[in-house]
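The numbering of the sequence shown is the working numbering, which starts it at 3 and goes up by one.
For each residue, glycine too, the CB sits at the ideal point set by N, CA and C.
Worksheet for the structure shown next.
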Amino acid sequence: MVISLSVVLITVALISSISPQAEEETLSPTIKPTGRVVELVISGSEFKFDPAVIEVNAGDTVRILYINDGRRKHNFVLDAFGIRTANIAPGESVVIEFVADKIGEFKFWCSLLGHRERGMEGTIIVR
Ligand SMILES: [Cu+2]
């Protein structure tokens, strides 16, 4: 029983490490922060992000006001930069902040069951 549980856990860890990361690539490991702060507003609803594509410059501090404009709870996950919000209630918002210290295209999504599959996925492009 103990053995089979650990096999399941390892399998889950493998699946989660393979799927989203595969499409993300890091070209430059050491990007100096520019000190510039880019403020963006992203709206989440059933089942989309608006805007779904955002573009920033490498080294910028990205500050996102994420607003749940839907009628269900939604969250915001950007694994590439260690972002994972709580589930946000309709009408509520949260501020997300990170330094875009990697160049490439990175997916963000809502991790609630089935939401990403139904369209709650976006891309941040860091140039
Ligand atoms: Cu959602």
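Candidates the options: closest to residue i by CA position
i      : options                      : result
Val97  : Lys34, Leu42, Pro53          : Leu42
Ile56  : Ala91, His76, Ile90, Lys109  : Lys109
Val79  : Arg129, Asp71, Leu114        : Leu114
Arg73  : Val128, Gly93, Cys112        : Gly93
Arg120 : Gly37, Cys112, Val39         : Cys112
Asp62  : Met122, Thr87, Arg38, Arg118 : Arg38
Lys75  : Ala60, Ser47, Glu107, Asn59  : Ser47
Proximity below 8 angstroms, CB of residue i to CB of residue j
i     : j      : result
Pro35 : Val101 : yes
Glu99 : Val128 : no
Ile66 : Ile33  : no
Cβ neighbour criterion (16 or more within 10 Å) applied to residue i
i     : result
Ile69 : buried
Ala91 : exposed
Gly84 : exposed
Proximity test, residue i beta-carbon vs ligand 1 heavy atom, cut-off 7 angstroms
i      : result
Gly46  : yes
Leu114 : yes
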